[in-house]
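Right, one structure below, let's go through it.
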Amino acid sequence: MKKAFLLLLCGLMAIFSLTSQNNVIKIGNDGKSWDIVTHSSGYRIAVDANGDVKAAYYGSKTNLEIPGGTVAPEIQVRGGNATYMGRGLLLPAIEAVFPDGVREIELTYKTSEISETDGYPTLKIVQNDKFYPLEVSSFIRVLPEYDMIEKWVEVVNTGKKGDIRIENLMSGSVFLPKDAYELTHYSGIWGYEFIPQTTKLTQGTKTIQVKDFKSYGASTFMVRPEGENDKYTGKVWFGLLSYSGNWRIDFEKFFTGQVQIIGGMNFWDQEVNLKPLQKLASPRMLFGYTEKGTEGVTICLTSYAREKLLPVSHRDKIRPVLYNSWYATTFNVNEEHQLALAKVAKELGVEMFVIDDGWFKGRVNDKAGLGDWTVDKNKFPNGLKPMIEKINNMGLDFGIWIEPEMVNPNSDLYRAHPDWVFHFPNRQRIEGRNQLMLNLAREDVYQYLYKYFHDLLKENNIKFIKWDMNKPLTNPGFPSAPIDEQRSVRIKYVENLYRLVETLRKEFPDVWFENCSSGGGRIDFAMMSRFDFNWVSDNTDPVDRIFLHDAYLTLFPANTMISWVTQSEWHQQNLPLEYKFDVSMAGVLGVGYDITKWDDRQKKIATEKIALYKAIREIVQKGDAYRIVSPFEENRSVIQYVDKNRRKAALFAYNIADYPNNSVKENQQSPVIKLRGLLPDVQYKIDDFKGTFTGKYLMEVGITLPLQGAYKSKIYVIQEVK
Ligand code: DGJ
5 MKKAFLLLLC GLMAIFSLTS QNNVIKIGND GKSWDIVTHS SGYRIAVDAN
55 GDVKAAYYGS KTNLEIPGGT VAPEIQVRGG NATYMGRGLL LPAIEAVFPD
105 GVREIELTYK TSEISETDGY PTLKIVQNDK FYPLEVSSFI RVLPEYDMIE
155 KWVEVVNTGK KGDIRIENLM SGSVFLPKDA YELTHYSGIW GYEFIPQTTK
205 LTQGTKTIQV KDFKSYGAST FMVRPEGEND KYTGKVWFGL LSYSGNWRID
255 FEKFFTGQVQ IIGGMNFWDQ EVNLKPLQKL ASPRMLFGYT EKGTEGVTIC
305 LTSYAREKLL PVSHRDKIRP VLYNSWYATT FNVNEEHQLA LAKVAKELGV
355 EMFVIDDGWF KGRVNDKAGL GDWTVDKNKF PNGLKPMIEK INNMGLDFGI
405 WIEPEMVNPN SDLYRAHPDW VFHFPNRQRI EGRNQLMLNL AREDVYQYLY
455 KYFHDLLKEN NIKFIKWDMN KPLTNPGFPS APIDEQRSVR IKYVENLYRL
505 VETLRKEFPD VWFENCSSGG GRIDFAMMSR FDFNWVSDNT DPVDRIFLHD
555 AYLTLFPANT MISWVTQSEW HQQNLPLEYK FDVSMAGVLG VGYDITKWDD
605 RQKKIATEKI ALYKAIREIV QKGDAYRIVS PFEENRSVIQ YVDKNRRKAA
655 LFAYNIADYP NNSVKENQQS PVIKLRGLLP DVQYKIDDFK GTFTGKYLME
705 VGITLPLQGA YKSKIYVIQE VK
């Protein structure tokens, strides 16, 4: 079979001129083989003589000059084509049970077409089961300038009677050539999100996954040949799943040396019964390939998110400087104090004033109130409106915190509708932070939430929503649904979550939306296409933040990263206010102190820092971020932001602790910083440095920063001199 396929490819890979938009999907002359080409990668796929659709190659595009490639089914199923080239069973992308109990699938090629999805060419290949009424469409959307392809799968029960039980539907997989590989992925817990972890891929399966809707890491991964871990060069296969429910990515290293990477929704405790003519679509999975090391991955992912993914209404807008009341007041909010905070915030240069938790009925602590989304008259006797007007009259926009998906048992909503939460009869309802999770898969729950938040936005001049979600999913029972639909409840939940955000955004296009889940518990590309910002972590300690920022900025753009300056530090270190501001300026700057208590010195520092941030924020928010020194490598962090035309940059330098003088560590740390992303022939000047430098000098020779001592920081502006 392998030989037949190679012959077929040899014949077909003399690619003819039949080529899709932008020349990125090149079609073989029989119309049944495709070379997909991005800036540096090539993906080959073809139908063999038996009608099987085979993935032949993924990696450097130069290799496409050679015909053939490693062969594996493009869509791996439980059944017919599951064993290949002595690799044992491939991890399946589809597992189904037909009405007569048959649990194997056999696919054969039916049709294909190239069209456009969201502005990019997309190859669709349709396959049918050879006997049963199951149609499988697989999609590959090509993002050439970002060196990425996006895969997803749709299955349809084309029969007239009988359900097909889908026990697994992954979004897609890729195969890496035989080599020794290392995997880097990001995991974490509350307060310590996005911790990079690197592990060797040994024979067997390494799985990263989420089973309770809480994803304190990310599905983003990087796989590279062992030893090729240079920051700026070397092959990296990378990817992520754009999904906000349970997800799973497997890395299977076969005994033959190749690696299969497969990802999608996590079908742990999940199945979907496809009724006749019903369809199920997987979320989209991005795969990428670069030869520019981790920096290449960062540029591909963050540029794509910033330029193509973020909600279009706000995509190119400069993000405002925020004030958020959480760390200043917790639940203890009232009109008088909020107005006092807003007055000082305005004097400092803040543009958006956000009231966090505590403003709604009965919300004196975290034991009550969630679900009853009317204003607490004890705290705001005149309602929200007059306060918002006063804040607006100060020249500030107003924002508010909500947690739509949750309810406290101590609430009017729960007393009226105890069946609206996820639960199983005869089983304990497990609370987290004294709350339960509403079953948003229910249409009545959806309509309730839609009405309340629609009215809130309609009746008040709210320009910013902080959308929180604090409890992990437990007890995923939906007892009132038909038995055969109960295990697909999570899928419907996520659909309705997206629908709710999208509907509100459409109706209130001026409103900014921040995504929060006890800090960074639900940050992914699907949320990023619907929310403008992420609250990365409740940990606002500047030193911990330096690590968090370094990891976050590897994966996501800086204009989505809200960071507040707060008084309460995780480690009670009492670090300088200037240092805290410099740290928070690395993304979207916010302030979270009780600023009514600030003295003139603190106000002066804040005013100056906010003014500096406004002067450089276009570079930070719209530029590319280069992690020149990672705090995971040394006791300092240096990040450089370079604007799109490469004539301006901002260099953020933070010292963490001091190494002892003349210690091995100290002597191993080079004082020289080599900049990135500048134009070689342009002359630049740098704050605190005499004279001018060519971009080539700054990038190849480098400079030594005069910053000395622990917990010292400095932001250097770098500009072209004409
Ligand atoms: C958890 C969030 O991460 C915090 O920022 C804050 O909004 C609290 N919830 C409020 O309850």
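The numbering used here numbers the first residue of the sequence shown as 5 and each following residue consecutively. The C-beta atom is built at its ideal place from N, Cα and C for all residues, glycine as well. Given the structure is predicted, the values throughout are model-derived calculations rather than measurements.
(message) If distances are taken between C-alpha atoms only, which option among F560, F135, S44, D548 comes closest to S533?
(response) Distance from the Cα of S533 is smallest, within the candidate group F560, F135, S44, D548, for F560.
(message) Spatial neighbours of I614 within its chain, please: C-beta separation below 6 Å, excluding the five flanking residues on both sides.
(response) Only residues of its own chain outside the window of five on either side were considered, and among them V325, L352, G353 have a CB closer than 6 Å to the CB of I614, listed in chain order.
(request) Collect the residues with a C-beta less than 6 Å away from any heavy atom of the ligand DGJ and give them in sequence order along the chain. (result) In chain order, the hits are W330, D360, D361, W405, D472, N474, C520, S522, G523, W539, D542.
(request) Tell me whether F551 sits in a helix, a strand or coil according to DSSP, three-state version. (result) DSSP places F551 in helix when its eight states are reduced to three.
(request) Look up M269 in the DSSP assignment and give the residues it is bridged to. (result) Answer is W251, bridged to M269.
(request) Scan the stretch 143 to 169 and note each continuous beta strand (DSSP E) run of 3 residues or more that stays entirely inside, going in chain order. (result) Runs of the beta strand (DSSP E) inside the stretch 143 to 169: 152 to 161.
(request) Can you grab the Cα-Cα spacing for the pair L281 / G163, in whole Å? (result) L281 and G163 have their C-alpha atoms some 7 Å from each other.
(request) Rank E232, H421, N338, D234 by C-alpha distance to the C-alpha of G375 and give the top, closest one. (result) Out of E232, H421, N338, D234, H421 has the C-alpha closest to the C-alpha of G375.
(message) Using the Cβ count rule (16 or more neighbours within 10 Å means buried), how would you classify I406?
(response) So I406 ends up on the buried side.
(message) Please give the ranges of any beta strand (DSSP E) in the stretch 290 to 329, keeping only runs that are unbroken, at least 3 residues long and fully inside the region.
(response) Runs of the beta strand (DSSP E) inside the stretch 290 to 329: 326 to 328.
(request) Out of S44, H43, K30, state which residue places its alpha-carbon closest to the alpha-carbon of A50. (result) Closest by alpha carbon: K30.
(request) Give the straight-line distance between the Cα atoms of T334 and W377, rounded to the nearest whole angstrom. (result) Our two residues, T334 and W377, have alpha carbons roughly 18 Å apart in a direct line.
(request) Taking Y418 as part of the alpha helix (DSSP H), name the residues at either end of that continuous run. (result) Where Y418 is concerned, the enclosing alpha helix (DSSP H) stretches over 416 to 420.
(request) Look up N538 in the DSSP assignment and give the residues it is bridged to. (result) Beta-bridge pairing links N538 to N519, M565.
(request) May I ask which residues mark the beginning and end of the beta strand (DSSP E) holding I690? (result) Annotation for I690: the continuous beta strand (DSSP E) segment containing it runs 687 to 690.
(request) Indicate whether the contact test is met: 3 or more Cβ pairs, each with one atom in the stretch 668 to 684 and one in the stretch 702 to 710, closer than 8 Å. (result) Cβ pair count under 8 Å is three or more, so yes.
(request) Please list the segments of the alpha helix (DSSP H) lying wholly inside the stretch 386 to 452, counting only runs of 4 or more residues, in order along the chain. (result) Qualifying alpha helix (DSSP H) stretches, in chain order: 389 to 397, 416 to 420.
(request) Can you give me the Cβ contacts of L388 inside the same chain, cut-off strictly under 6 Å, excluding the 5 residues immediately before and after it? (result) Once the five neighbours on either side are set aside, the close Cβ partners of L388 are V379, N464.
(request) Kindly list the residues whose CB is nearer than 8 Å to the CB of A349, restricted to its own chain and excluding five residues on each side of it in sequence; keep chain order. (result) Spatial neighbours of A349 in its own chain (CB-CB distance under 8 Å, excluding positions within 5 residues in sequence) are listed in chain order as Y327, F357, L400, V595, I599.
(request) Flag this pair as yes or no: are the beta carbons of S1 and D554 separated by less than 9 Å? (result) A query on residue 1 cannot be resolved here, the shown segment of the chain reaching from 5 to 726 and no further.
(request) Pick helix, strand or coil for S24, following the three-state DSSP scheme. (result) For S24, the pLDDT reaches just 47, beneath the cut-off of 50, and the residue's location in the model is therefore unreliable, although a value from the coordinates is still provided. The DSSP-derived three-state label of S24 is coil.
(request) Please name the residue in A372, E393, K718, N430 whose C-alpha comes closest to that of M410. (result) Across the set A372, E393, K718, N430, the C-alpha of A372 shows the shortest separation from the C-alpha of M410.
(message) Less than 9 Å between the C-beta atoms of D167 and H318, yes or no?
(response) Not closer than 9 Å, so no.
(request) Quick one: residues in its chain with C-beta nearer than 7 Å to the C-beta of K235, no 5 flanking neighbours on either side, listed in chain order? (result) Excluding sequence neighbours, K235 sits near G297, T298, E299.
(request) Give me the Cα-Cα distance between L94 and L180, rounded to the nearest whole angstrom. (result) Going by the C-alpha atoms only, they are around 13 Å apart.
(request) Go ahead and label G15 buried or exposed: buried means 16 or more other beta carbons lie within 10 angstroms of its beta carbon, across all protein chains shown. (result) Summary for G15: the model assigns pLDDT 38, below 50, so the residue's position carries little reliability; its value from the coordinates is reported in the next sentence. G15 is exposed by the Cβ-count criterion.
(request) Give me the Cα-Cα distance between E435 and H458, rounded to the nearest whole angstrom. (result) Rounded to the nearest angstrom, the gap between the Cα atoms of E435 and H458 is 28 Å.
(message) Please state the DSSP three-state secondary structure of E704.
(response) Helix, per DSSP.
(request) Sort I322, T115, N666 by Cα distance to G591 and report the nearest one. (result) The option with the nearest alpha carbon to G591 is I322.
(request) Could you name the residues of the same chain whose beta carbon sits closer than 7 Å to that of P710, not counting the 5 residues immediately before and after it, in chain order? (result) Same-chain partners within the cutoff: D692.
(message) My output table needs one value for K718: the three-state DSSP class, helix, strand or coil.
(response) Here DSSP, grouped into helix, strand and coil, assigns K718 to strand.
(request) Verify the contact flag: K36, CB atom, against every heavy atom of the ligand HEM, threshold strictly below 8 Å. (result) Ligands present in the displayed structure are limited to the ligand DGJ, and the ligand HEM is not among them.
(message) By alpha-carbon positions, which one of E78, T66, S64, H43 ends up nearest to S37?
(response) The option with the nearest alpha carbon to S37 is E78.
(request) Report the option in V624, E511, N578, A619 whose CA atom is closest to the CA atom of M565. (result) Nearest of V624, E511, N578, A619 to M565, Cα basis: V624.
(message) When you compare the stretch 177 to 195 with the stretch 539 to 552, are there three or more beta-carbon pairs, one atom per stretch, that lie closer than 8 Å?
(response) Judged by pairs of C-beta atoms under 8 Å, the stretch 177 to 195 touches the stretch 539 to 552, as three or more such pairs exist.
(message) Below 8 Å, how does it come out for the stretch 646 to 654 and the stretch 707 to 725: are there three or more Cβ pairs, yes or no?
(response) Yes, since at least three Cβ pairs between the stretch 646 to 654 and the stretch 707 to 725 fall closer than 8 Å, the two stretches touch.
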